[in-house]
Amino acid sequence: MNQRQIDAVKRCVELMEAGVPLEECLKEYPDLVPEMREILKTAKDIMSLREEQVPIEAMNRSRARLLSQAKFLASNDKQSASVLRLNWLIKPVRRFLNLFFSLSPVAGRLVVIVGITGLLILFSSGLVITSAKSLPGDSLYPVKLAVEDISVHLVINREVRNEYEFNYSQQRVAEVKRLIELERIQQISFEGILESMDSTSWVVSGIPIRINEATTVVSGPKGAQSFEPGSVVEVEGLTNALGWVAANEIHLREYQFIGMVEKIEAQYWQISSVQFLIIPGSQIDVGIHVGDDVTVLVRSTDSGLQALAILHDVHPIATLPLPQPNLSTPVPSEIPAPITEEDHQISGILEKTSGNYWIVSGQILYIVGETQISDGINIGDSLSIKYRVEVNGSYTAIEIDKIEDEVHPEEYQPQETFESGNEGDIHEASIVISSVDNETGESTYTPEQQETPESTQNHQDKP
Amino acid sequence: MSDWQSLATYNKIGFQRFGEYPRQMSVESSEIDLLNTLDPQVITEVHNRYYPEVYHFARFRVGDEVTAEDIAGDVFIRLLEAVHTGRGPYKNLRGWLLRITANVVNDHFRKLYNRPKEDSSEVLENRNDLYLAQSDPVILSEQVERNRILQLAIDKLTNAQKLVITLRFGNRFTLEETAKVMGKNANTIKALQYRALAALRQQIGSNML
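Heads up: the sequence lines are chains U and P, in that order. The opening position of the first sequence corresponds to residue 1 in my numbering, with each subsequent residue numbered one higher. The opening position of the second sequence corresponds to residue 1001 in my numbering, with each subsequent residue numbered one higher.
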C-alpha cells in the first residue's frame, strides 16, 4: 500500500459514485490497474448494497412511536423537574467535558489542564492581592478574612500564630479607622486596647466609641469595674460620618484579675470563687499553692474564662507602700494607694509576647501605642524596660530596649528601681481610688469619679 | 463527465458543505435545545430530517428492511430520552445519531451471534432468506448470495473500517463528512477506506466475482 494507490482508489470511488464507469477510471492509472481493478470491483459491489428508497410507512410508524414516547415523557415532567432545573449547570459542564475528552490524546488535554491551572492560580492570587485592600462591606472582604483564617491555621508555632493574630487584629483596627475617615456607615467588629473611658465615650485603640442605653456591655467577674485602661475589649458597632463608632456591644476580652487560689485542678483553677480554664499555652508560675495570692491574666471567650497566665507575684499596687520609692520589694497594704506614674525600670528576659502585654521574667507589662520598642527583639532576649504603674496597679511599658551585652541568664532577675523616685514626681493623682476589694486587697476605681479635667487629660494621654 | 468537471463538481460540493458546517452546527444546537421542550413539531422536524440517514445506515449493515426500521426507531427513542435526561448530544446531532445507530447495529448482531446452534453465516443466510422470501426467489437468488457474502465480509472488518464503509457507501457521505462524524481527519478516512476495501477484497476472494 502506498499513498498513490490510496489516492487513486479514493479518486476512482468518487468518480464511480458520480457515474463514471470503472474501466474509465482505471485508464487514469494504467500502472496500478492489476491492484486497483479488484478493489474497485469490491467497491462497486458494496455500492449496490445501498437501498435508495426509505419506506414511507416505516418512517411514519417511527415518527408516531417517537411522538408517543414524547407524550409519555411530558407526562412525567414532575419526576424530571429536578433534572431540568439543573440543566443550566449540567449542560455547560457536559459540553466542556465532552470537548475536553474529544481533544486529541494527551497533548491537547495537558494543554487544557495546564491552562486552567494557570488561570486558577492567576485568578486566585489576583483575588487575594485585590482583597487585601478591601474594607468591611466590600464584596471581597470575606475573601480577605478567609485568607487570614487559613494563614493562621496553617501556622504550627504558637508564638508565630499569636503574632499573626495580633497583626490581623491591628488590621481590623486600621480598617475601622479607614471607614471613619471615609465617613462610611458600616457594621464592624474589632478588638483593641481600652485607653480611656467615661460614662458615654470610650477610646479603644485610638477609635472613639460612643456608649448609649442600648449598648450591651459584657464585663468580667468584677462587673463594670473589670473595664480598666489596658484591658482588651471587643467592640461591635456601627461606624458613622461623625468620626466615631456607635457601640452595640462591648465585650471584655483580656484583663487582669487578682485573687487567692482556692482550688487547683488539671482543667481549671478556682481563684476567689471564679473558675479559670487552663489552656495549653497557659503560663503558670511554679510553687503556687492553695491560699496564695496570684495575678491572673484572663481572656474571656465564648467557652469561658481562660487563664493566659497565673503569676505568683501579687499585683504591685496591692503591695507597694507609697510613698516609699526606694523599696524594691513592695509589702502588702490595705490602704488605698494613691496614683503614681513614676517611671520605673526593670530588666529581665522576654518570655512571652501577646497582643497587649509582654511577660518579662514573670512580670506582665502592658504595651500601649506610646510604648517605644527597639527593633529586633525576640523571645529570650534580655530587655531593659522603663514602665509606669497605672492606677489599677498594672505596669505599662514606656520604653523597651534590648540589652546587647551578653549577660548570664541568672542575672536577669526582675530588678525594680526608681528612676526618678522622689515625692515630687508623684503627680496627677486625679483618679480617686474608690474602693478596695476586701478579699483580694485589690484597688479599683469607678469611671464616674474621674471626671476632673486633669484625670480626663491623664487618660487621654494613654494610647 | 470529464475529469476536471467531476473534480470541479466535487470541489464545489465539498466547499459548499464545508462552508455549511457552522450553520449546520448552530441549527443542530438549536434543535437539541428545542428537543428538550418535547414540542411535537420540533420532534417531527428532527425525525424527518435525520431518519433517512439513520435508516440507510442500519439498512446497509443489517440488510433487511424490518430490522432496519426497528433499529432506526430505537435510535430516535434513545435520542429523546437522552436529551430529556440531560445526557444527549450538545452538538453534531447527526454524528451522535449515527454513532448510536452503529452501536445498536452491533448490539443487534451480538444478540444474533449469541443465539444457540447458529453461526454468523447461518444467521445472515436465514435473515436474507426470510427477507427475500417475500420476493421472487429465482430472480433474487444470485443477488442474495452476493449480498450475504459481502455483509459477512463487512462484519469481519474492524469497527472503524465498518463505520467508514457504511458511511461512505451506505450513506454516501463524502470523506469530509465521514471524517466529521468519526472525529478524524480526511486523510485518515482515506487510508481507512483503502484498507477496508482491500480487506474486503481479500475476504471475498474469487468466490463472488
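In this text, a Cβ means the ideal position worked out from N, Cα and C, and glycines have one as well.
Bounding residues of the alpha helix (DSSP H) (the contiguous stretch that carries residue i)
{"i": "Ala43 (chain U)", "result": "33-47"}
{"i": "Gly1073 (chain P)", "result": "1065-1084"}
{"i": "Ser169 (chain U)", "result": "158-181"}
{"i": "Phe227 (chain U)", "result": "Segment: none, Phe227 (chain U) is in no alpha helix (DSSP H) and carries neither H nor E."}
{"i": "Leu277 (chain U)", "result": "From DSSP, Leu277 (chain U) is part of no alpha helix (DSSP H) but of the beta strand (DSSP E) over 274-284."}
{"i": "Gln363 (chain U)", "result": "That residue, Gln363 (chain U), is in no alpha helix (DSSP H); its beta strand (DSSP E) goes 363-366."}
{"i": "Ile211 (chain U)", "result": "Where Ile211 (chain U) is concerned, there is no enclosing alpha helix (DSSP H), given that its DSSP letter is neither H nor E."}
{"i": "Lys1162 (chain P)", "result": "1159-1165"}
{"i": "Asn1048 (chain P)", "result": "1040-1062"}
{"i": "Ala18 (chain U)", "result": "Ala18 (chain U) -> no alpha helix (DSSP H), and no H or E assigned at all."}
{"i": "Arg1195 (chain P)", "result": "1186-1204"}
{"i": "Glu1176 (chain P)", "result": "1175-1182"}
Within-8 Å CB hit, residue i to chain U
{"i": "Asn1147 (chain P)", "result": "yes"}
{"i": "Lys1190 (chain P)", "result": "yes"}
{"i": "Ile1204 (chain P)", "result": "yes"}
{"i": "Leu1152 (chain P)", "result": "no"}
{"i": "Gln1193 (chain P)", "result": "yes"}
{"i": "His1056 (chain P)", "result": "yes"}
{"i": "Ala1198 (chain P)", "result": "yes"}
{"i": "Arg1201 (chain P)", "result": "yes"}
{"i": "Leu1093 (chain P)", "result": "no"}
{"i": "Tyr1113 (chain P)", "result": "no"}
{"i": "Leu1098 (chain P)", "result": "no"}
{"i": "His1084 (chain P)", "result": "yes"}
Identity of the residues DSSP links to residue i by a beta bridge
{"i": "Glu293 (chain U)", "result": "One point to set straight first is that residue 293 (chain U) is Asp, not Glu, in the sequence displayed. DSSP output for Asp293 (chain U) lists U:Met260 as bridge partner(s)."}
{"i": "Ile56 (chain U)", "result": "DSSP output for Ile56 (chain U) lists no bridge partner at all."}
{"i": "Gly348 (chain U)", "result": "U:Leu383"}
{"i": "Gln306 (chain U)", "result": "U:Leu277, U:Arg299"}
{"i": "Leu311 (chain U)", "result": "U:Thr295"}
{"i": "Trp244 (chain U)", "result": "Paired residues: none, contrary to the question."}
{"i": "Trp1096 (chain P)", "result": "In DSSP, Trp1096 (chain P) forms no bridge with anything."}
{"i": "Glu402 (chain U)", "result": "Here residue 402 (chain U) is Lys; the residue named in the question, Glu, does not match the sequence. BP columns for Lys402 (chain U) point to U:Leu383."}
{"i": "Ala397 (chain U)", "result": "U:Tyr387"}
{"i": "His251 (chain U)", "result": "U:Val218, U:Glu234"}
{"i": "Asp343 (chain U)", "result": "U:Arg388"}
{"i": "Ile1032 (chain P)", "result": "DSSP lists no partner for Ile1032 (chain P)."}
{"i": "Gln372 (chain U)", "result": "U:Glu399"}
Span of the beta strand (DSSP E), counted from its first residue to its last, around residue i
{"i": "Val233 (chain U)", "result": "232-239"}
{"i": "Leu194 (chain U)", "result": "187-197"}
{"i": "Lys144 (chain U)", "result": "Unbroken run through Lys144 (chain U) is the alpha helix (DSSP H), 141-154; no beta strand (DSSP E)."}
{"i": "Val204 (chain U)", "result": "201-204"}
{"i": "Lys133 (chain U)", "result": "No beta strand (DSSP E) contains Lys133 (chain U), which DSSP labels as neither H nor E."}
{"i": "Val360 (chain U)", "result": "357-360"}
{"i": "Tyr268 (chain U)", "result": "268-271"}
Any C-beta of chain P under 8 Å from that of residue i
{"i": "Met16 (chain U)", "result": "no"}
{"i": "Pro34 (chain U)", "result": "no"}
{"i": "Ile211 (chain U)", "result": "no"}
{"i": "Arg109 (chain U)", "result": "no"}
{"i": "Val160 (chain U)", "result": "no"}
{"i": "Ser62 (chain U)", "result": "yes"}
{"i": "Ala58 (chain U)", "result": "yes"}
{"i": "Val9 (chain U)", "result": "yes"}
{"i": "Arg95 (chain U)", "result": "yes"}
{"i": "Arg65 (chain U)", "result": "yes"}
{"i": "Pro55 (chain U)", "result": "yes"}
{"i": "Gln69 (chain U)", "result": "yes"}
{"i": "Gln5 (chain U)", "result": "yes"}
{"i": "Glu51 (chain U)", "result": "yes"}
{"i": "Ala74 (chain U)", "result": "yes"}
Anything in the stretch 38-49 of chain U with a Cβ closer than 7 Å to a Cβ of chain P? List those residues in chain order, please.
Glu38, Ile39, Lys41, Thr42, Ala43, Asp45, Ile46, Met47, Leu49
When you check each C-beta in the stretch 1028-1049 of chain P against every C-beta of chain U, which residues fall closer than 8 Å?
Asn1036, Leu1038, Pro1040, Ile1043, Thr1044, His1047, Asn1048
Residues of the stretch 1151-1182 of chain P in Cβ contact with chain U at a cutoff of 9 Å, in chain order, please.
Gln1151, Ala1153, Ile1154, Ile1165, Arg1168, Phe1169, Gly1170, Asn1171, Arg1172, Thr1174, Leu1175
If the cut-off is 7 Å on Cβ atoms, which residues from the stretch 1060-1076 of chain P count as contacting chain U, listed in chain order?
Phe1060, Glu1065, Glu1069, Ala1072, Gly1073, Phe1076
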